[in-house]
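> Position one of the sequence shown corresponds to residue 1 (the UniProt record's numbering), numbered consecutively onward.
Each residue gets a CB set at the ideal place from its N, CA and C atoms; glycine is no exception.
Just so you know, these numbers come straight off a predicted model, no measurement behind them.
Here's a structure for you.
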Amino acid sequence: MGILLKEKQQLQSTDILLSQLKGAIFVLTFILSIFAYFKLSRQADLGIPEESRQLSGSFKLTRIYRHGIGMYHDKHQILEIDDTNMESLRANYQSELYIMNTNEHDEGMDQLWTSNPMYTTDNPFNYEFKLGAKNKNLLRLVNRDPEFIEAYLDSYGSSNVFENKVLEWKEGGEDVLVPDVTDMNTVISLALMSSNAYVKLPQTGDWRNVTEPWKESRSDGYGWDSDGLRGHIFYNEVNDIVVLSVKGTSAQGIPGAGDDETTTNDKLNDNLLFSCCCARVSYLWTTVCDCYTKSYTCDESCLEQSMKRKDGYYQAVMEIYKDILEAYPTASVWLTGHSLGGALSALLARTYGLPAITFEAPGEALAAKRLHLPYPPGLPEYEEHIWHIGHTADPIFMGTCNGASSSCSIAGYAMETQCHSGYECVYDVVKDKGWHVNILNHRIHTLIDKILNEYDEVAQCVRPEECIDCYNWNFIPNQDETSSAITTTSNKKTKTNTRSKTATKTTSTTNTKTTTAVRCIGRNWVGICTDYGPAPT
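Written out as structure tokens, the structure reads:
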């Protein structure tokens, strides 16, 4: 009897131990689950997708686009990169390099290609890039057909049926392969692709017309640099991925930013995209559109229509993307670019839900709002797909290159925005290296050789703090058409000044109506104004 009792007690003890062990396993599993959850959340907060891997294929330059601007905005040509064209590109690069190396005031190769021995080449156009990638869930539109997107964007400010259409977003998002922003080689390679678009091309080559030919009075190749937006295509055939690198600003007059024949068009588009109101900095400035009304007051509807002009860079990069879809119908598309090219890449990425990594781009969030680009409602941080890489000593990236005495203003650039959409990956070289803020630090190869190549890891990517551009301006919608909120009738003689695009002045003695202007004081999540209030006087 005692033996049975003892065995029973032992069994009970064993059961208790097993129960305690199960409880401990449950608690440990719960703790590990919480830890994993917060680790993934932390990755999401930093814009870091999971499951990094090196792509098996390499990216090669396969074609170069040029798209007309201004009076040539309906012209679009492509140069396919074959052996003959590649040799011409190599010879032209060597010629440019020789000229720079013999000029003691230039930095030679550092202005055309990186000095990092890992990327040594005698021709940057035939360099093959290896990139890392990660899977990331992106919330994108169900219908991303260019015709639908363009019709939707064109609807604002018109009676088009698309204006009040609710955009349909893919439920749960979709897994997309994106560049690995934590991999230093990937970031440097994309930066080099961005710099590749700056290298001048020989004025020869078998350019294929996507649209009607350029004017016959122009010789072959002429008009490329003076009237076009430049885009380089790098294709990875193994993984079926296209990288579009958009050329940035060639800013003649800004020390160290380089110069190019696209300077005039670059300046016009910079001033349209990144100024508060048509580059109206003072009465001495020539504006790039006719939306300025009076001191710190701008016609918002006029400004939005000017942003959508068909002869501008945003429309040109949209056309290039449409041709990429036709040429590479099954490929994933990644975007990159430096300065203006980076901002255009970010705007295109926002339009179609594409991944983009930009370098030293000026703040493009205001331009995205004015263009009414589709933005997912309640977009969580971990589904963001645009990364802006820059540093604290670059006044254009940081949004401080403004004011009467700034280098940008002196050169005729109204760079008044500082807010970026997406993530910011900022190297604090002012603190780490003791650098001073200087426009010279905006050069792409300063970023590559003196920052990316010298830091041990990529800067942490975070969502920027709350940011407001042009806070001291009043933006009035439809001033010329629908700005009347309160109307009263007066029977006294008055002198009336009538403002229009022709700036005419008339005097009349009639019964007049007193109009109180209003401005937009509230918008819904797609950018449509839903609440109006009186404008300050």
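Would you mind reading off the limits of the beta strand (DSSP E) that contains valine 288?
Where valine 288 is concerned, there is no enclosing beta strand (DSSP E), given that its DSSP letter is neither H nor E.
> So, using beta-carbon positions, are phenylalanine 125 and serine 58 closer together than 8 Å?
Going by C-beta atoms, phenylalanine 125 is not nearer than 8 Å to serine 58.
> In angstroms with no decimal places, state the Cα-to-Cα distance between tryptophan 334 and cysteine 276.
When rounded, the distance between both Cα atoms is 29 Å.
> Could you tell me the distance, in whole angstroms, from the CA atom of lysine 308 to the CA atom of leucine 268?
The alpha-carbon atoms of lysine 308 and leucine 268 are separated by roughly 14 Å.
> Between Lys247, Ile31, Ser406 and Gly399, which has its C-alpha nearest glutamate 416's C-alpha?
Cα-wise, what sits closest to glutamate 416 is Gly399.
> According to the Cβ coordinates, are isoleucine 320 and glycine 231 closer than 8 Å?
For isoleucine 320 and glycine 231, yes; Cβs fall inside 8 Å.
> I'd like to check one pair, asparagine 209 with glutamine 54: are the Cβ atoms closer than 8 Å?
For glutamine 54 and asparagine 209, no; Cβs fall outside 8 Å.
> Closest by CA to lysine 200, which one among Ser95, Thr120 and Asp206?
Checking every option, the nearest Cα to that of lysine 200 belongs to Ser95.
> Using only CA atoms, which one of Ile396, His445 and Lys433 lies nearest to isoleucine 439?
Considering only alpha carbons, the answer is Ile396.
> Determine the contact status of glycine 342 and glycine 248, defining contact as a CB-CB distance below 8 Å.
Yes. Within cutoff.
> Taking the beta strand (DSSP E) that threonine 84 belongs to, which residues open and close that run?
Run containing threonine 84: none in the beta strand (DSSP E); it sits in the alpha helix (DSSP H), 83-101.
> Can you give me the Cβ contacts of arginine 280 inside the same chain, cut-off strictly under 6 Å, excluding the 5 residues immediately before and after it?
Excluding sequence neighbours, arginine 280 sits near Thr287 and Tyr292.
> Does the beta-carbon distance from leucine 371 to leucine 153 come in below 8 Å?
Going by C-beta atoms, leucine 371 is nearer than 8 Å to leucine 153.
> Where isoleucine 476 and serine 301 are concerned, what is the direct C-alpha to C-alpha distance, given to the nearest angstrom?
Taking the straight line from one Cα to the other gives about 8 Å.
> Under the rule that 16 or more other beta-carbon atoms within 10 Å means buried, what is glutamate 147, buried or exposed?
By the 10 Å Cβ count, glutamate 147 comes out exposed.
> Kindly confirm or deny that the region 352-360 and the region 176-186 touch, where touching means at least three C-beta pairs closer than 8 Å.
They touch, by the three-pair rule.
> I think cysteine 289 touches leucine 272, with their Cβ atoms under 8 Å apart; what is that distance to the nearest whole Å?
The pair is a contact, with the Cβ atoms about 7 Å apart (cut-off 8 Å).
> How would you label alanine 414, buried or exposed, when you count the other beta carbons within 10 angstroms and need 16 or more for buried?
Its Cβ being crowded by 16 or more others within 10 Å, alanine 414 is buried.
> With 16 other CB atoms within 10 Å as the buried threshold, where does glutamate 454 fall?
So glutamate 454 ends up on the exposed side.
> Mind checking which residues open and close the alpha helix (DSSP H) that includes serine 405?
Taken as a continuous stretch (DSSP letters only), serine 405 belongs to no alpha helix (DSSP H), as it is neither H nor E.
> Looking only at C-alpha atoms, which of Gly412, Thr186 and Lys136 sits nearest to serine 282?
Nearest option by C-alpha distance: Gly412.
> Within 10 angstroms of its Cβ, does leucine 284 collect 16 or more other Cβ (buried), or is it exposed?
The residue in question, leucine 284, is exposed, as its Cβ has fewer than 16 Cβ neighbours within 10 Å.
> What is the rounded straight-line gap between the Cα of aspartate 74 and the Cα of glutamate 326?
Whole-angstrom Cα-Cα distance: 18 Å.
> By the three-class DSSP mapping on this structure, what secondary structure does lysine 294 have?
Three-state DSSP puts lysine 294 in a strand.
> Alpha carbon to alpha carbon, what distance is there between threonine 336 and serine 245?
For serine 245 and threonine 336, the distance between alpha carbons rounds to 5 Å.
> Specify the secondary structure class of proline 124 as computed by DSSP and reduced to three states.
Helix, per DSSP.
> Helix, strand or coil for serine 245? Go by DSSP, reduced to three states.
In this structure, serine 245 counts as strand in the three-state DSSP scheme.
> Helix or strand or just coil, what does DSSP make of cysteine 461?
In the structure shown, cysteine 461 sits in a strand (DSSP, three-state: E or B).
> Going by C-alpha distance, which of Arg443, Asp82, Val430 and Tyr328 is nearest serine 339?
Checking every option, the nearest Cα to that of serine 339 belongs to Arg443.
> Is it buried or exposed, histidine 445, if we count other Cβ atoms within 10 angstroms and call 16 or more buried?
Buried, since its Cβ has 16 or more Cβ neighbours within 10 Å.
> Mind checking tyrosine 65: buried by the 16 CB within 10 Å criterion, or exposed?
When all chains shown are included, tyrosine 65 counts as buried.
> Write down the C-beta distance between isoleucine 81 and threonine 62 rounded to the nearest angstrom, noting that I regard them as a contact closer than 8 Å.
With 8 Å as the limit, isoleucine 81 and threonine 62 qualify as a contact, their Cβ atoms being about 6 Å apart.
> By a C-beta neighbour count over all protein chains shown, 10 Å radius and 16 as the cutoff for buried, is alanine 91 buried or exposed?
Alanine 91 is exposed by the Cβ-count criterion.
> Do alanine 331 and histidine 67 count as a contact pair if the criterion is CB distance below 8 Å?
Taking 8 Å as the Cβ cut-off, histidine 67 and alanine 331 do not qualify as a contacting pair.
> Report yes if the C-beta distance between glycine 422 and glutamate 384 is below 8 Å; otherwise report no.
Yes. Within cutoff.
> Run through DSSP, which three-state label would threonine 336 get?
Here threonine 336 sits in strand by DSSP.
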